[in-house]
Amino acid sequence: MSSDQQKKGSSLEKKSSAPNYYHGATSQSARYGYRRFQNAPKKQLKLQKSLAVTNNDEIESMEHSSTTVPISNANVEGKGLTKRRNNGAFSALSLKISKRKVCKYFATENSCYFGEYCRFLHIRDENIDNNFDSVPSHINPKPKRIVVRPNITAISRDDIGKTEQLDIRNSEFNYFGRRFHDVKFAYDGSSYFIEFDYKITDPDWVFDVKTIGLRLKIPEHYPCELLMVTLNQPTLPVPLASHFNKEVKKFLEEKFMEAKKCDTYVGIGKMFIRWLDRNILKFFVEGLRKTKMIAEAEKEGIKLHQASFSNLINQKENTDTKTDKMKVEVCDSAEVTQSRNYKEARVESSSKTEIAMEEINSKQSPKGKAIQARIFWNDLNGNIATLSIITMAVSIKCAKCNSLSFLICSVKQLSTSHCKKCLNGSSIHISPQLVHQNSNVIALLEPKGCIPVDCVLLSSKLSYTCLQCSKEATVENLTYGVSNKSWCYGCHSKCEFEIRTIRFVGDFNAIEKEDSSVPKGKQKKKKVERSVILVEGQPLPENGTCKHYKKSYRWFRFPCCGKLYPCDQCHNDAEKEHEMKLANRMVCGFCSKEQPFQKAKPCINCNENVTRVKSHFWEGGKGCRDQVVMCRNDRRKYANSLMKTVSNKHAAQLKFKDDNKKK
């Protein structure tokens with residue numbers, strides 16, 4: 001064989017081997033790279049095992065039993081692997097297994113989308129870290145933090161005066177001294193007093209007060225005796241302070257009674273501060289609500305006496321001692337005198353009750369004359385707690401001449417007005433009331449000089465309180481018999497109610513005929529109206545002009561009411577009950593001839609222009625007055641102006657005069 005043929009044969013072998021190599025590379029890349037994104041064929045073989053094994057023992061058994069099963073996860077070439085398998089080298093198998101990576105999807109979610117065709121290892125054992133990224137042995141794990149609870153010292157009543165009891169009391173002093181700034185300590189011989197400013201740290205706090213003063217009274221044998229805490233803030237309202245002291249005293253007494261039952265006493269200073277941090281907002285809200293209620297009651301004439309805790313305790317002790325003395329006297333008395341004493345006591349009690357009733361009636365007599373405004377309404381969804389009035393629009397009738405008028409009354413203010421007919425002074429004072437399930441009186445009216453007839457609900461303003469969150473909201477533009485739907489701004493619950501009617505009930509004959517405190521209104525001088533009679537051939541008053549249009553010499557007849565007016569504005573000023581419609585007829589201002597409306601044509605009778613006509617002549621001052629626009633043929637065009645023609649001689653004389661004036 002020649003050298004040329006050998007070269008050709010070798011080249012053919014290279015060409016034939018190149019496609020095989022390329023085909024092998026393609027199948028290998030398809031096996032390892034693209035099969036993950038393709039649907040693999042499902043083949044059911046009897047002896048074929050899944051490539052996704054559960055642990056390393058199954059992998060080793062599979063490798064020993066069958067050497068023909070391909071391992072798709074290998075990164076080693078096929079030839080080298082077959083040689084090592086034929087030789088039975090177990091070290092190559094262990095090297096093979098160590099290079100296989102664990103499927104991250106199966107390790108985290110315990111499931112894989114590709115199943116048995118996944119080229120990564122699926123291990124169900126919990127110790128996954130042993131197959132990869134194992135933690136070195138020389139690195140110690142981070143120790144857990146051990147929380148040590150503080151030891152709380154508890155004593156009994158037998159330990160009074162001992163060091164344990166004194167340590168607890170001194171620890172309370174140290175705690176308040178560290179916790180708060182500018183703490184003042186005092187001692188009166190039997191108790192210790194601590195005064196400090198408590199700073200409010202609640203993130204939901206909305207009030208202007210940021211700090212409050214507290215005063216602690218620690219007894220000598222604390223904690224075996226009750227701790228007393230009072231509010232030391234004179235600027236706060238009395239009802240708020242009393243409510244705060246009441247809640248604090250209730251909490252301290254409960255804790256003391258629990259310790260007394262178990263005979264184990266501990267310091268509660270820290271516990272009290274933590275409890276106060278959580279509940280101070282609630283105390284202020286409830287206290288201010290009581291303050292508002294008391295203030296409104298006092299404005300209505302109801303006086304409530306706010307007594308302090310010491311006064312209440314002293315009154316209770318005094319009443320207890322009085323009742324005890326009375327019981328002793330009754331037990332010592334004889335049975336014969338008992339009936340007589342009972343009769344005398346009955347007479348005295350009856351006389352006292354009569355006197356008390358007279359006083360009550362005398363106090364309530366001015367309120368008895370008030371007119372009640374009763375509202376008849378329906379709570380459609382049961383979420384309305386109360387209703388109240390803000391402004392009430394009332395239709396009133398004069399107590400003297402019975403003329404009707406309209407008055408808008410604001411609550412807690414005196415609303416005054418005058419009768420348009422007789423100038424009688426009248427006033428109404430409204431006291432708002434809360435409407436709920438047991439009361440339908442929304443306001444008390446005290447009218448003078450007028451009688452309330454009806455409530456105009458459309459012009460009134462009301463407020464309601466949500467039953468879920470006690471938040472108030474206002475409503476306007478209400479209508480009788482139509483339900484009002486709204487949603488609470490606090491809890492977003494639906495609030496729906498309907499107002500059927502509002503009626504005034506009371507003794508209308510007791511209303512005063514005139515309010516002397518309201519000054520009488522001044523009577524306006526009536527303008528003398530000239531009687532206008534339309535006579536054809538005679539001009540209209542002022543030739544049909546008005547104050548709005550001085551160049552319009554006509555009157556218009558409007559079809560909406562059929563009346564004559566000089567212009568549309570005069571119609572609107574006089575007729576406010578209906579809407580104006582454009583006029584279709586007019587009356588000439590020079591001859592009083594009624595004719596159809598014409599925009600720019602003269603009168604059909606006298607041939608006069610009913611509107612201003614532009615002219616370039618003077619026309620006695622009624623035409624053109626502008627010399628620039630005036631016609632040149634008019635002699636007033638150049639009168640008294642510099643545009644006249646001047647002779648040279650006259651011009652020289654004028655110049656000579658000017659020169660002499662300058663010298």
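Just so we're aligned, residue 1 is where the sequence shown starts under full-length UniProt numbering, counting upward by one. Quick reminder that beta carbons are idealized off the backbone N, C-alpha and C, glycines included.
Rounding to the nearest angstrom, what Cα-Cα distance links K644 and E542 in this structure? 39 Å
With C-beta atoms as the reference, is residue 667 less than 9 Å away from R554? Here the chain has residues from 1 to 663 only, and residue 667 is not among them.
With a cut-off of 8 Å, do at least 3 Cβ pairs link the region 619–629 to the region 574–586? no
Taking the Cβ atom as the reference point for each residue, do H217 and Y192 lie within a distance shorter than 9 Å? Per the sequence shown, residue 217 should be read as Lys rather than His. Yes, they are a contact pair.
In the DSSP assignment, find the alpha helix (DSSP H) that holds E573 and state where it starts and stops. Residue identity check: residue 573 is Asp in the sequence provided, not Glu. It spans 568–574 - the alpha helix (DSSP H) in which D573 sits, taken as one unbroken run.
Looking at C-alpha atoms only, which residue of A295, A651, I123 is the closest neighbour of E109? I123
Per DSSP, cross-strand counterpart(s) of R464: The amino acid occupying residue 464 in the given sequence is Tyr; Arg does not appear at that position. Answer by DSSP bridge pairing, in chain order: L387, A473.
For F176, tell me which candidate among C112, G267, N381 has the shortest Cα-Cα distance. G267
Pairwise C-alpha distance: S427 and F406: 12 Å
Any idea which residues DSSP pairs F556 with across the strands? Y565, M586
Cut-off 7 Å between Cβ atoms - residues of its own chain near C546, not counting five sequence neighbours on either side: P566, C567, C570
Supposed close pair E512, K448 - CB separation, criterion 8 Å: 5 Å
Whole angstroms is fine: what's the gap from C422's alpha carbon to A373's? 27 Å
Pop quiz: V435 and L387 are said to be a contact at Cβ under 8 Å. What is the actual Cβ separation, rounded to whole angstroms? 4 Å
Find out if the Cβ-Cβ distance for the pair N383, S493 is shorter than 9 Å. yes
Over the uninterrupted alpha helix (DSSP H) stretch that includes T108, give me the two end residues. 104–109
Chain-order list of residues whose beta-carbon lies under 7 Å from that of N232 (same chain, five-residue window excluded): E195, G213, L214, R215
The beta strand (DSSP E) spanning D197 covers which residue range? 191–199
Just mark E476 as buried or exposed, buried being the case when its beta carbon has 16 or more other beta carbons within 10 Å. exposed
Is P239 buried or exposed, if buried means 16 or more other CB atoms sit within 10 Å of its CB? buried
Nearest-angstrom Cβ-Cβ length linking A370 and V456, presumed shorter than 8 Å: Actually they do not touch by this definition, with Cβ atoms about 20 Å apart.
Outcome for S439 when other beta-carbon atoms lying within 10 angstroms are tallied against a minimum of 16: exposed
Assuming V102 and F120 make a contact with CB atoms under 8 Å, what is their CB distance in whole Å? 6 Å
If we call anything under 9 Å between Cβ atoms a contact, is S459 one with I408? yes
I533 burial status per 10 Å Cβ neighbour count (16 or more: buried): exposed
Can you have a look at P432 and say buried or exposed, based on whether 16 or more other CB atoms are within 10 angstroms of its CB? buried
Reducing DSSP to helix, strand and coil, say where L414 ends up. strand
Nearest to residue 664 by alpha carbon, out of D204, E254, F185, T153? Since the displayed the chain opens at 1 and closes at 663, residue 664 lies outside it and no answer follows.
Out of F185, C224, V646, D277, which has the shortest C-alpha to C-alpha gap to K162? C224
Return the chain-ordered list of same chain residues with a C-beta closer than 7 Å to the C-beta of L467, the five sequence neighbours on each side being excluded. N383, I384, A385
Are V587 and G537 touching if we call contact CB-CB under 9 Å? no
Is it right to say D277 is buried, meaning 16 or more other beta carbons lie within 10 angstroms of its own, or is it exposed? exposed
How is the beta strand (DSSP E) around I604 delimited, first residue to last? Unbroken run through I604: none, as it is neither H nor E.
Buried or exposed: where does T291 fall if 16 or more other Cβ atoms within 10 Å of its Cβ makes it buried? buried
Y187 - containing beta strand (DSSP E), residue span: 184–187
Report back the beta-carbon spacing between E496 and N509 to the nearest angstrom; my notes put them in contact at under 8 Å. Actually they are not in contact, since the Cβ atoms of E496 and N509 sit about 40 Å apart, beyond 8 Å.
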